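Participant: Residue numbers (my numbering), protein chains in the order written: chain A, 3 to 328; chain B, 31 to 328; chain C, 4 to 330.
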Amino acid sequence: MTPPVLEVRNLSKRFPVPGGVLTAVNDVSFSLAAGETLGLVGESGSGKSTLGRCVLRLIAPSAGRVVFDGHDITDWSEARCRKLRAGMQMVFQDPWSALNPRMTARSLIEELLALHTPLSSAERRAEAERLGLRVRLPSAMLDRYPGELSGGQQQRVCIARAIATRPKLIVLDEPTSSLDLSVRAGILDLLAELKEETGAAMLFITHDLGTLRLMADRVMVMYLGRVVEEAPAAEIFDRPAHPYTQALMSAHLPADPSAHLARHVLTGEIPSPINLPPGCFFSSRCPVALPRCRETAPPLEAVPGAEATHRAACLRMADGGNRIPT
Amino acid sequence: MSDLALAPPAAPSLPVRIAARLAGIARRSPTLAIGAAIILAFAIMAVFAPWISPQDPVAANAARVLQPPQAGAWFGTDGNGMDVLSRVIHGSLYAFGIAIPVVIVGLLVGVPVGLWTGWRGGWADEIVMRGFDALRVFPSIILALAVVAAAGPSLLNVVLVLGLLDSPVYARLVRAEVLALRGGTFVESAVAAGNPTHRILFRHILPNALRGAMAQTAVRAAWAVRISATLAFLGVGIQPPTPEWGAMIRQGAEYMVTGEWWVAVFPGTALILMVLGLNMLGDGLSDLLDPRRKAAAR
Amino acid sequence: MTPLLEVRDLHTHFIARDLDNRVRVARALNGVSFSLAPGRILGLVGETGAGKSLTALSVLGLLKPPARVVAGQALFEGRDLLALPPNELNALRGARIGLVVQSPKTSLDPLARIGAQLARVQRAHRPGLSEAAAQARAAEMLAAVGIPDPERRLRAWPHELSGGMAQRVLIALALVNEPTLLVADEPTTGLDVTVQAQILDLLRGLARARGIGAVIITHDLGVVAHYCDEAAVMFAGQVVEHGPVGPIFAAPAHPYTQALIAATPERLQLRARRPSGSPPNLYALPEGCLYRDRCPRAEARCATPPPDVALQGGHAARCHFAGTIAA
């Protein structure tokens, strides 16, 4: 069996803030194989973007290990990580702010080739044209500045940059969230094609479950820095085990007035991510929480009666009380 | 159809297009247009000074000392019998000759310092910025006086001292932009792409951090003209008989009491006009370069 | 029944001069028409630049230059808002018409406590009201929008509120003077989905309980499908389809609505053929149907302006082929 492209073990990231320590990512472990797409879903403050940046060593983790392509890069300096950056790329949420406004689309794409390949300038030019075509940007668009491109076209430039060096890992941080519906569809098409074509492992970060259903092979749900559930995509959509996952899915509004909504309206306050309480972080809003949920942090363990790859962190799984009654 | 009137007309010739663009800018910012016109006039005067001056500006003529304005000497003559008009015209050459190098020296020193301190942050940034604060507590004219007096009153010294004194202005503007950009997504995206630090600084941050500093150049040039004239007036700057406006005003000041007003008033007027023009140009430029205004105009 | 709000053929243009001193006109709204009955909730839906928010600003007289209403009417309880003098419009806004804007955090006065802001908006429209009565009513309103411990929250500062709480306070502000019309511009954008449902439940519950007619402006078709009675779909400054929510989602009649619904994550088929998504250039809109360039159905006659074709049950679409094409 080939080793995973990415292996993350017990990763934590804490930020010092006035009045305490903000724990953005709390003891997260997972691995990602070549060609696999892992969907990372959570709401604001769940730590999903911080996790994505730790994995690429754009920020340094506080604890745990990040092993990329066999290299433990946890403690590497930025200069040392730079040599691996050709192999790990990122696509950002807001393409407008992710592109240098004073460089043309062409020079933005060629930059990656200039940094990581021995290509001559003529070869780079040809390769940038090819990449532009691949992401369906007509070559006339390549000579424009980001401000002269639409949001969808800007995101295509970002994607062309991310695939230019044929990376083994691409982190996509909400790549379609800032785009309009009809533009989003085209970008998702493109990403699905590239997923098959490049064989790159993808970490797809989003708050939108609908997008994950289209893209992800496996899904990990985060809440306040912890992974609360992890399962193959089909499994998690069919049988969400953690009460938070169930609430998240029920809150999604399908664009169909006749669709039945199994609404689990949550009450209670979201705890402050600074100096988090003991026990399960979701217990303050959880409809099925018991007193012991506020004391004991639940481990991530196999969901009873499901495949071993389906794991969740909920004490009530033992007595079957984890399902929110409808 | 009213729409037809709005359709762009068939491509007009280049001079027409340039004129239209200038008219558009003038309508949007009359300040800018007036300032630019004044500075353009002085620039033409400076470039063609040797040809449009009726006399040699430093040719003394004992036979015609302190002549009032008259035909053949429109601005009169000074105490050495030199033609004031020719001296005022040549003075514009010195005004630009000081203002432009002072701005360049200021940018060359201030921009890299601002770039580095903004990027680096931490104690280095603190030390440099506190140093700049200390520098700004002193009135710049006193500092300039002291340094020029110590280093000697040559054109080169005046330029270097004024440029250095003014560099904190650019450093602060650039530093503020760098601080804002440093945490921004496209810098993070440049890091994720694998750019080395120097490329991030010079290729990605610098071009986006210059707007504020560039918008200030005209106003800072006005400052340089004013301060260098003051230094010359006080006798520590450029020395007579060099046709520098400040030095000319100093010479002329002695004659004001005895009624020979023209020796000081004409260079004084030129100085005021030039400083006013540069300030108007600067204000207009920063209005036009202000991103909020630009967005609103779209 | 007379409509509460009826917008007729609203045109709003951005008129400015460019750097070359030529007049440039962006035709942002090109004949927006819709109507809202009392007690109903209308979803005004569309993508970026379709003119949703601009419609609300135009109707409420909140446009800033260079934007200008150039034609149209907006009848509120029979009076044309666009023809009212500014002081009369001011008297309506905040009193008979409530407005909930997009960004809760920046829409509250950071230098005033929540209670003071709620009292201020009441006393602005009812000068005789005592401060104590206004504060009491403010507490009542906070309770009504589901804020726990309202008496204490009156003394809270805006920065102490979470995004969801701030949005509730804005709703309280909009409703405190018992308006008959509520305009909510993207009331849940930026909130987490689990919070969004709570806010929308609240908004709908309050509108129903008080018989308020509401316009919810959103880009989220899910919000329209589950919280609105009627929908008006906007494209390029026109309402291209409007009617009761059920038929619009079950049998969309305009090709744009069809494309939009097909692009929602639940319905999206990857690698399906779909129209490309560049919005039309508002400076040079084509004659005839504005969707023509993207429409897979476009024919020669689409070069003439399409009529608003009435279908069954108040459902209508602005398309030459309305009623003849299946979704």
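Every residue, glycine too, gets a C-beta built ideally from N, C-alpha and C.
All of these numbers come straight from a predicted model, not from anything done at the bench.
Please list the segments of the alpha helix (DSSP H) lying wholly inside the region 60-120 of chain A, counting only runs of 4 or more residues, in order along the chain.
Facilitator: As far as the region 60-120 of chain A is concerned, its whole alpha helix (DSSP H) runs of at least 4 residues are 80-84, 97-100, 107-118.
Participant: Mark C:Q315 as exposed unless 16 or more other C-beta atoms lie within 10 angstroms of its C-beta, in which case mark it buried.
Facilitator: Within the third sequence, residue 315 of chain C is the residue found at index 312, counting from 1. With fewer than 16 other Cβ atoms within 10 Å, it is exposed.
Participant: Using three-state DSSP, classify C:F79 as helix, strand or coil.
Facilitator: Sequence index remark: in the third sequence, residue 79 of chain C carries index 76 (1-based). The answer is strand: DSSP assigns C:F79 an E or B state.
Participant: Under the three-state reduction of DSSP, which class applies to C:R96: helix, strand or coil?
Facilitator: Along the third sequence, one-based indexing puts residue 96 of chain C at 93. C:R96: strand per DSSP, three-state reduction.
Participant: Within 10 angstroms of its Cβ, does A:Q91 collect 16 or more other Cβ (buried), or is it exposed?
Facilitator: Translated into positions along the first sequence, residue 91 of chain A becomes position 89. A:Q91 is buried by the Cβ-count criterion.
Participant: Beta-carbon of A:E303 versus every beta-carbon of chain B: anything under 8 Å?
Facilitator: Translated into positions along the first sequence, residue 303 of chain A becomes position 301. Cβ-Cβ to chain B under 8 Å: no for A:E303.
Participant: If C:A86 and C:L13 are in contact, beta carbons under 8 Å, what's the gap, nearest whole angstrom?
Facilitator: Walking along the third sequence from the start, residue 86 of chain C turns up at place 83. Walking along the third sequence from the start, residue 13 of chain C turns up at place 10. Not quite, the Cβ-Cβ distance comes to about 13 Å (not below 8 Å), so this is no contact.
Participant: Tell me the DSSP bridge mates of C:A319?
Facilitator: Taking the first residue of the third sequence as position 1, residue 319 of chain C is located at position 316. According to DSSP, which records beta bridges pairwise, C:A319 is partnered with C:H245, C:A313.
Participant: Name the chain A residues whose beta carbon is nearer than 9 Å to that of B:S43?
Facilitator: If you number the second sequence from 1, residue 43 of chain B lands on position 13. Ordered by position in chain A, no residue passes the 9 Å Cβ test against B:S43, which lies about 26 Å from the chain.
Participant: Could you check whether B:S258 and B:V188 sit closer than 8 Å to each other, using their CB atoms as the reference points?
Facilitator: The sequence position of residue 188 of chain B within the second sequence is 158, counting from 1. The sequence position of residue 258 of chain B within the second sequence is 228, counting from 1. Closer than 8 Å, so yes.
Participant: Any chance the region 138-152 of chain C sits against the region 195-209 of chain C, with 3 or more Cβ pairs inside 8 Å?
Facilitator: Output reads yes: the region 195-209 of chain C touches the region 138-152 of chain C.
Participant: On the DSSP letters alone, give me the boundaries of the beta strand (DSSP E) that C:E9 sits inside.
Facilitator: In the third sequence, residue 9 of chain C corresponds to position 6, counting from 1. Segment 8-20, the beta strand (DSSP E) holding C:E9.
Participant: Would you list, in chain order, the members of the region 230-253 of chain A that have their beta-carbon closer than 9 Å to a beta-carbon of chain C?
Facilitator: Cβ contacts with chain C: Y246, A249, L250, S252, A253.
Participant: In the DSSP assignment, find the unbroken beta strand (DSSP E) run with A:E231 in it and report its ends.
Facilitator: As a working mapping, residue 231 of chain A is identified with position 229 in the first sequence. 228-234 is the span of the beta strand (DSSP E), which, as asked, contains A:E231.
Participant: Using 8 Å as the Cβ pair cut-off and three pairs as the minimum, do the region 239-246 of chain C and the region 262-278 of chain A touch?
Facilitator: Touching, no.
Participant: Rounded to whole angstroms, what's the CA-CA distance from B:M31 to C:P310? Just pull it up for me.
Facilitator: As a working note, residue 31 of chain B is residue 1 in the second sequence. As a working note, residue 310 of chain C is residue 307 in the third sequence. Residue placement at B:M31 cannot be trusted, given a pLDDT of 35 that sits under 50; what the coordinates show is reported in the next sentence. So the two alpha carbons sit approximately 21 Å from each other.
Participant: Does the beta carbon of A:T213 sit closer than 8 Å to a beta carbon anywhere in chain C?
Facilitator: The residue labelled residue 213 of chain A in the question sits at position 211 within the first sequence. A:T213 counts as touching chain C.
Participant: My assumption, with CB atoms under 8 Å, is that A:G66 sits in contact with A:N102. Please give the rounded CB distance.
Facilitator: As a working mapping, residue 66 of chain A is identified with position 64 in the first sequence. As a working mapping, residue 102 of chain A is identified with position 100 in the first sequence. No, A:G66 and A:N102 are not in contact; Cβ-Cβ is about 32 Å, not under 8 Å.
Participant: Run the CB neighbour count on A:P97, radius 10 Å, all protein chains shown included, and call it buried at 16 or more, exposed below.
Facilitator: By one-based count along the first sequence, residue 97 of chain A stands at place 95. Buried, since its Cβ has 16 or more Cβ neighbours within 10 Å.
Participant: Under the assumption that B:G65 contacts B:A92 (Cβ atoms under 8 Å), give the Cβ distance between them as a whole number of angstroms.
Facilitator: Position 35 of the second sequence, counted from the start, is the residue given in the question as residue 65 of chain B. Position 62 of the second sequence, counted from the start, is the residue given in the question as residue 92 of chain B. That belief does not hold up - the Cβ atoms of B:G65 and B:A92 are roughly 41 Å apart, past 8 Å.
Participant: What is the residue span of the beta strand (DSSP E) that C:I220 lies within?
Facilitator: Indexing the third sequence from 1 puts residue 220 of chain C at position 217. Per DSSP, C:I220 belongs to the beta strand (DSSP E) from 216-221.
Participant: When you compare the CB of A:L190 with every CB in chain C, is at least one pair closer than 8 Å?
Facilitator: Along the first sequence, read from residue 1 onward, the residue named residue 190 of chain A stands at position 188. Cβ-Cβ to chain C under 8 Å: yes for A:L190.
Participant: What separation, rounded to the nearest whole angstrom, lies between the Cα atoms of C:V1 and B:V255?
Facilitator: No information on residue 1 of chain C is available, as it lies outside the stretch 4 to 330 that chain C covers here.
Participant: Do we get a CB-CB distance below 8 Å when we pair A:W78 with the residues of chain B?
Facilitator: The residue given as residue 78 of chain A occupies position 76 in the first sequence. It does not; no Cβ of chain B falls within 8 Å.
Participant: Going by other Cβ atoms of all chains shown within 10 Å of its Cβ, with 16 needed for buried, is A:Y246 buried or exposed?
Facilitator: Your numbering for residue 246 of chain A matches position 244 in the first sequence. Buried, by the Cβ-count rule.
Participant: Mapping the DSSP letters down to three states, classify A:I272 as helix, strand or coil.
Facilitator: By one-based count along the first sequence, residue 272 of chain A stands at place 270. Three-state DSSP puts A:I272 in coil, outside helix and strand.
Participant: Provide the residue span of the beta strand (DSSP E) that contains C:V179, from first to last.
Facilitator: Here residue 179 of chain C corresponds to residue number 176 of the third sequence, with the count starting at 1. Looking at the DSSP string, C:V179 is not in any beta strand (DSSP E), and its letter there is neither H nor E.
Participant: Pull up the DSSP beta-bridge partners for A:I172, would you.
Facilitator: As a working note, residue 172 of chain A is residue 170 in the first sequence. Paired residue(s): A:Q91, A:M204.
Participant: How would you write the range of the beta strand (DSSP E) that A:T39 sits in, first residue to last?
Facilitator: Here residue 39 of chain A refers to the residue found at position 37 of the first sequence. First-last of the beta strand (DSSP E) with A:T39: 39-43.
Participant: Please state if the CB of A:V159 and the CB of A:L183 are separated by a distance shorter than 8 Å.
Facilitator: Residue 183 of chain A sits at position 181 when you count from the first residue of the first sequence. Residue 159 of chain A sits at position 157 when you count from the first residue of the first sequence. In this structure, A:V159 does not lie closer than 8 Å to A:L183 by Cβ.
Participant: If B:I279 and B:P297 are in contact, beta carbons under 8 Å, what's the gap, nearest whole angstrom?
Facilitator: For the purposes of this step, residue 279 of chain B is taken as the residue at position 249 of the second sequence. For the purposes of this step, residue 297 of chain B is taken as the residue at position 267 of the second sequence. With 8 Å as the limit, B:I279 and B:P297 qualify as a contact, their Cβ atoms being about 5 Å apart.
Participant: Roughly how many angstroms separate the alpha carbons of C:G216 and C:L185, rounded to a whole number?
Facilitator: Indexing the third sequence from 1 puts residue 216 of chain C at position 213. Indexing the third sequence from 1 puts residue 185 of chain C at position 182. Near 6 Å, if we compare the C-alpha coordinates of C:L185 and C:G216.
Participant: How many Å lie between B:P273 and B:S197 at the Cα?
Facilitator: Residue numbering aside, residue 273 of chain B sits at position 243 when the second sequence is read from its first letter. Residue numbering aside, residue 197 of chain B sits at position 167 when the second sequence is read from its first letter. Straight-line Cα distance between these residues: approximately 27 Å.
Participant: C:V103 by DSSP, collapsed to three states: which one?
Facilitator: As a first step, residue 103 of chain C must be located in the third sequence, where it is residue number 100. It is a strand residue.
Participant: Please work out which residues of its chain come closer than 8 Å, Cβ to Cβ, to A:N324, disregarding the five sequence neighbours upstream and downstream, and give them in chain order.
Facilitator: Position 322 of the first sequence holds residue 324 of chain A. Cβ within range, chain order: A243, H244, P245, V290, A314, C316, R318.
Participant: Could you work out which residue in C:L111, C:Q199, C:P255, C:V179 is closest to A:R265 when comparing CA atoms only?
Facilitator: The residue labelled residue 265 of chain A in the question sits at position 263 within the first sequence. The option with the nearest alpha carbon to A:R265 is C:Q199.
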